[in-house]
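See below for the structure under consideration.
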Amino acid sequence: MGYRNKTKSVGLGLVAGLFAYALVGKLGLYLLLISWRDYATHSIDKSYTLPMLFARLLVGLLAATAASISATKLASDSGKSAWVVSPLVFIVASYVHLLTAVWREYPGWYHWAYLLPILPVIGLSHSLLCKR
Numbered sequence: 001m002g003y004r005n006k007t008k009s010v011g012l013g014l015v016a017g018l019f020a021y022a023l024v025g026k027l028g029l030y031l032l033l034i035s036w037r038d039y040a041t042h043s044i045d046k047s048y049t050l051p052m053l054f055a056r057l058l059v060g061l062l063a064a065t066a067a068s069i070s071a072t073k074l075a076s077d078s079g080k081s082a083w084v085v086s087p088l089v090f091i092v093a094s095y096v097h098l099l100t101a102v103w104r105e106y107p108g109w110y111h112w113a114y115l116l117p118i119l120p121v122i123g124l125s126h127s128l129l130c131k132r
C-alpha cells in the first residue's frame, strides 16, 4: 500500500474511531434513559445514584473500546490509529468535563474516573479484541 493510500486509510480510521465513540456513547446513554425508569427520573436534574454513575462510566468504557476497534479495523494498522484517536477523544472529553458546566453536575471523582481510562482503554483495547 502506498504512502498516500495508507495516510487516507489512517485518516478514515481516525474519523471512524471518533464517530464510533460518539455513537456508542450516545446510544448507551439513551438505552439507560429508556430502560431504567429511575435513571430517567434522575437524569432531569443530574441527581444520579452511585449505580447510575457507574453505569454511565461503563458506557464510556464501551464507547472507548468501540473507538479503538473502529479506528484499528478501518486503518488496518495494528492499533497505531487507536493511539492517535485516544488523545483526540481525551482532549474533547477533558474540555467537556473540566471546562464547561458539566463539572458542576457530577462529583469530582466521576470526572477523573471518566477521563483517566480513556487513553489506555482506547490505546490498548484493540490489542485485546482485534486479533488478526
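For the sequence shown, full-length UniProt numbering gives the first residue as 1, with consecutive numbering after it. For glycine and all other residues, C-beta sits at the position ideal for the given N, C-alpha and C.
Going by DSSP, S43 is part of the alpha helix (DSSP H) stretching over R37 to S43. About 4 angstroms separates the beta carbon of A64 from that of V121, a gap short enough to meet the 8 angstroms contact definition.
For Y106, the closest C-alpha among the options S43, L12 and V89 is that of S43. If you check the CB distance, A82 and G123 come in under 7 angstroms. For S70, same chain residues with a beta-carbon under 7 angstroms away, outside a window of 5 residues either side, are A16, G17 and A20 in chain order. Non-local beta-carbon contacts of F90 in its own chain, meaning distances under 6 angstroms to residues more than five positions away in sequence, involve I118 and L119 in chain order. Around the beta carbon of R56, 16 or more other beta carbons sit within 10 angstroms, so the residue counts as buried. Going by beta carbons, L116 and H97 fall outside the 7 angstroms limit. By alpha-carbon distance to A66, the top candidate from V92, K8 and L27 is L27.
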